[in-house]
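Below is one structure, written out as structure tokens, with a few remarks after it.
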Amino acid sequence: MFAPSQDAALAGSLANTAGAGSATNVALQLFGPDGNVLNIGDTSSNVKLINGENTIPLSVDYIATGAATPGNVSSTATFQMVYS
């Protein structure tokens, strides 16, 4: 589960928090380990762990929420990991 800033135009996506000089009308959409959209506050699919090093495959796409303008894009997400 994660709790970053949500984009006002696209519910469940990450807001661009780059500040001055940032791109406009751009959101960031996270995808979970199963390749499905991972909205803010949602729990991702389970990942089977193995002995040793593990990788949790997450990805992000830029999403235009209107007529996008060029500039910096930045966002932060805090993840909570639950081991069971």
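All the letters of the sequence shown, read from the start, carry residue numbers 147 to 230 under the numbering used here. Just so you know, even glycine gets a beta-carbon here, dropped at the ideal spot from N, CA and C.
Sequence-distant Cβ neighbours of G212 in its own chain, meaning closer than 6 Å and more than five residues away, are N171.
In the DSSP assignment, D207 falls within the beta strand (DSSP E) that extends over 205-215. For the pair A169 and A155, the Cα-to-Cα distance works out to about 14 Å. Spatial neighbours of G187 in its own chain (CB-CB distance under 6 Å, excluding positions within 5 residues in sequence) are not present. Within the same chain, Cβ atoms closer than 6 Å to the Cβ of G158 are found at N185, I186, the five residues on either side in sequence being excluded. With at least 16 other beta carbons inside 10 angstroms of its own, G178 counts as buried. Considering only D180, I202, A164, V183, the residue with the shortest C-alpha distance to Q226 is I202.
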